[in-house]
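Chemist: The structure's right below; bear with me while I get my questions together.
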Amino acid sequence: MSKERRSKVAEQIHIGFGIDKNFGAFAGITITSLVHNNIANELIIHIVYDDLLSEDMHKLKQMEQLYRNLTLHFYRIKSTEGMKFIVPPGHITQAMYYRYLFADMLPQTVTRLIYLDADIICKGDILPLWQSDLQGKVLGAVRDYGEAKSCVRIGLKSGRYFNSGVLVMDLVKWRQQKLTQKLFVWLEQVGSTKILWGDQDALNGVVDGEFAELPKIFNGIVINNTALNEDLAVVLVHYIDYIKPWHIYYMDSNAKELYWQYVKKSLWSDLRPMDGKTVQTAIMTARLLYKQGKYAESASYYEALLKYFLKDKYQ
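The sequence shown begins at 70 in the numbering used here and counts up by one.
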C-alpha cells in the first residue's frame, strides 16, 4: 500500500537495528514480523550499518511501499575511529557494537528507541514495550538466563545482568551520560580476557544493575529449538547462540516453524536453509546430513574438517 493511502495510526514507535551485510535479510524478516503484528501503530525503523548487499537494501526500501505503517531510515557508519571493538570468537561480529551508536547518529528529536537484534521474531503488540516505565534509568532490558556466572566473570556488584538483544533506550539520558564513550572506555580498560559477550558485557559493566527490568515476554530466549520461557504470551522470540533457525541443521520445532512462517511472508521468501562457516556449524551440518541419509554430502563436510585440522601439520 502506498504512503499516500496511509491512514492515521495510533502512535509512532521507533525501532533500531545495528547490522552488517550478513544480516540485512534477517533484519528484513524481523521487520516483516513486526509490521504484521503491529498494524495499529506506525513503525519507524532506524538501521545503523557498515555495509549492506544491494539486493537487501533494495528489498528493505521496497518494504516501505508495501506496508502503510512502516518507515525506514538508514545511517551508514563512515568511520570507526575511537571505537575499540573486542570480538569474541564465534558467530558474532563487530556489528554487535553498533547498538551503541543510535544516540549519536539519530536526530536529537528521537528520544526513545527499542533496539532489537536481527535474530528475533515478533508475535504480538510491542506498544506495551514501547510504553515501558524505565523508572528514570537509561535503559530497560530482560535479565539474562546466565546472569549469575556473567556477574562473577565481569565483576558486577549489583548481581544483575541483562540480555542486550532487546533494549528500550532513553536516548536523552544516554546522550546526557555520554554512555557511548563510557562503553568504549570500559572495553579498552577491561580487555579481551574477561569479555565473552562483547557489547552485552560492556553495557552491563557500565550500567551495573541500574536498568529497568522488563517482563520476560519481551525477550523470549530460544537456544537451538529449546525455549527457556514456554509462556505462550511471549511477544518477541529471540534465537540466540550461533545455531539459527535459518541453518539447515536447526532442529525441527515450533520455534523453527514460527521463523519460517515469516520468511515466507517476507520479500526474502526465496531464502533457503544454509550451512554455517564455523567449525561448530560444519560439524552440525555433517551430523544432520548423515542422519538424513545423505552420506556423500556428510562425508564432504567431514573431509573438509579433516583438512582444516591437519593443514598446519602437513604444510
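Just so you know, even glycine gets a beta-carbon here, dropped at the ideal spot from N, CA and C.
For E73, I'd like the list of residues in its chain whose CB is within less than 6 Å of its CB, leaving aside the five on either flank, ordered along the chain.
Modeler: Looking up residue 73 in the sequence shown gives position 4. The predicted model places E73 with a pLDDT of 44, which falls under 50 and marks its position as unreliable; any figure quoted below should be read in that light. Around E73: no qualifying Cβ.
Chemist: Go ahead and pull the three-state DSSP assignment for E366.
Modeler: Here residue 366 refers to the residue found at position 297 of the sequence shown. Note: E366 maps to helix in three-state DSSP.
Chemist: Among L225, Y331, K285, whose alpha-carbon lies nearest the alpha-carbon of F95?
Modeler: For this step, residue 95 is matched to residue 26 along the sequence shown. When each option's Cα is compared against that of F95, the closest is Y331.
Chemist: For H127, count neighbouring C-beta atoms within 10 Å of its own C-beta (all shown protein chains included) and say buried if the count is 16 or more, exposed if not.
Modeler: Counting from 1 along the sequence shown, the entry for residue 127 is found at position 58. Its Cβ having fewer than 16 others within 10 Å, H127 is exposed.
Chemist: Rounded to a whole number of angstroms, what is the C-alpha to C-alpha distance between D125 and G97?
Modeler: As a first step, residue 125 must be located in the sequence shown, where it is residue number 56. As a first step, residue 97 must be located in the sequence shown, where it is residue number 28. Roughly 8 Å separates the two Cα atoms.
Chemist: For D173, collect the residues of the same chain with a Cβ closer than 7 Å to its Cβ; drop the 5 residues on either side in sequence, then sort them by chain order.
Modeler: Working through the sequence shown from its first residue, we reach residue 173 at position 104. Correct list, in chain order: T249.
Chemist: Go ahead and label R47 buried or exposed: buried means 16 or more other beta carbons lie within 10 angstroms of its beta carbon, across all protein chains shown.
Modeler: Here the chain covers residues 70 to 384 and nothing more, so residue 47 does not appear.
Chemist: Could you check the C-alpha separation between A281 and F231 for me, to the nearest Å?
Modeler: Position 212 of the sequence shown, counted from the start, is the residue given in the question as residue 281. Position 162 of the sequence shown, counted from the start, is the residue given in the question as residue 231. Roughly 10 Å between the two C-alpha positions.
Chemist: If you count every other CB in all the chains shown that lies within 10 Å of the CB of Y364, and 16 or more means buried, which is it?
Modeler: One-based indexing of the sequence shown puts residue 364 at position 295. The residue in question, Y364, is exposed, as its Cβ has fewer than 16 Cβ neighbours within 10 Å.
Chemist: Check F95 in the structure and name its three-state DSSP category.
Modeler: The residue given as residue 95 occupies position 26 in the sequence shown. Here F95 sits in helix by DSSP.
Chemist: Going by beta-carbon coordinates alone, are I309 and N273 separated by less than 8 Å?
Modeler: Mapped onto the sequence shown, residue 309 falls at position 240. Mapped onto the sequence shown, residue 273 falls at position 204. It is not a contact, given that the beta carbons lie outside the stated cut-off.
Chemist: My assumption, with CB atoms under 8 Å, is that L208 sits in contact with M165. Please give the rounded CB distance.
Modeler: Taking the sequence shown and counting its residues from 1, the one referred to as residue 208 is at position 139. Taking the sequence shown and counting its residues from 1, the one referred to as residue 165 is at position 96. Going by Cβ atoms, the distance from L208 to M165 rounds to 16 Å, so no, they are not a contact pair.
Chemist: Output the distance between the C-alpha atoms of I312 and K325, rounded to the nearest integer angstrom.
Modeler: Here residue 312 refers to the residue found at position 243 of the sequence shown. Here residue 325 refers to the residue found at position 256 of the sequence shown. Roughly 11 Å separates the two Cα atoms.
Chemist: May I ask you to report which of helix, strand or coil DSSP gives D188?
Modeler: Locating residue 188 in the sequence shown gives position 119, counting from the first residue. Correct three-state label for D188: coil.
Chemist: Report yes if the CB atom of I190 is closer than 8 Å to the CB atom of Y328, and no otherwise.
Modeler: Taking the first residue of the sequence shown as 1, we reach residue 190 at position 121. Taking the first residue of the sequence shown as 1, we reach residue 328 at position 259. Yes, they are a contact pair.
Chemist: Would the beta-carbon of L182 fall within 8 Å of that of H83?
Modeler: Stepping through the sequence shown from its first residue, residue 182 is reached at position 113. Stepping through the sequence shown from its first residue, residue 83 is reached at position 14. Yes; because the gap between Cβ atoms is below 8 Å, this pair is in contact.
Chemist: Tell me the start and end of each unbroken beta strand (DSSP E) in the stretch 260-290 that is at least 3 residues and wholly inside, in chain order.
Modeler: Counting whole runs of 3 or more residues, the stretch 260-290 contains no beta strand (DSSP E) stretch at all.
Chemist: Determine the DSSP secondary structure at M320, reduced to helix, strand or coil.
Modeler: Walking along the sequence shown from the start, residue 320 turns up at place 251. In this structure, M320 counts as coil in the three-state DSSP scheme.
Chemist: Return the residue from the list H316, D213, A210, T140 that minimises the CA-CA distance to D188.
Modeler: Within the sequence shown, residue 188 is the residue found at index 119, counting from 1. Among H316, D213, A210, T140, the Cα nearest to that of D188 belongs to H316.
Chemist: Among residues of its own chain, excluding the 5 on either side of L252, which ones have a beta-carbon nearer than 6 Å to its beta-carbon?
Modeler: Locating residue 252 in the sequence shown gives position 183, where the first residue counts as 1. The residues are Y169, A271, V275.
Chemist: From this set, L301, P197, G289, which residue's C-alpha is nearest Q81's C-alpha?
Modeler: The residue you call residue 81 lines up with position 12 of the sequence shown. For Q81, the nearest C-alpha among the options comes from P197.
Chemist: Do the CB positions of L141 and L240 come within less than 8 Å of each other?
Modeler: Position 72 of the sequence shown holds residue 141. Position 171 of the sequence shown holds residue 240. It is not a contact, given that the beta carbons lie outside the stated cut-off.
Chemist: From which residue to which residue does the alpha helix (DSSP H) around I223 run?
Modeler: For the purposes of this step, residue 223 is identified with residue 154 of the sequence shown, where counting begins at 1. That run of the alpha helix (DSSP H) goes 216-223.
Chemist: How many Å lie between K206 and Y371 at the Cα?
Modeler: By 1-based counting over the sequence shown, the position of residue 206 is 137. By 1-based counting over the sequence shown, the position of residue 371 is 302. Those two C-alpha atoms are separated by around 50 Å.
Chemist: Identify which residue in E257, V211, P314 has its Cα closest to the Cα of P342.
Modeler: Taking the sequence shown and counting its residues from 1, one reaches residue 342 at position 273. For the residues E257, V211, P314, the minimum Cα distance to P342 belongs to P314.
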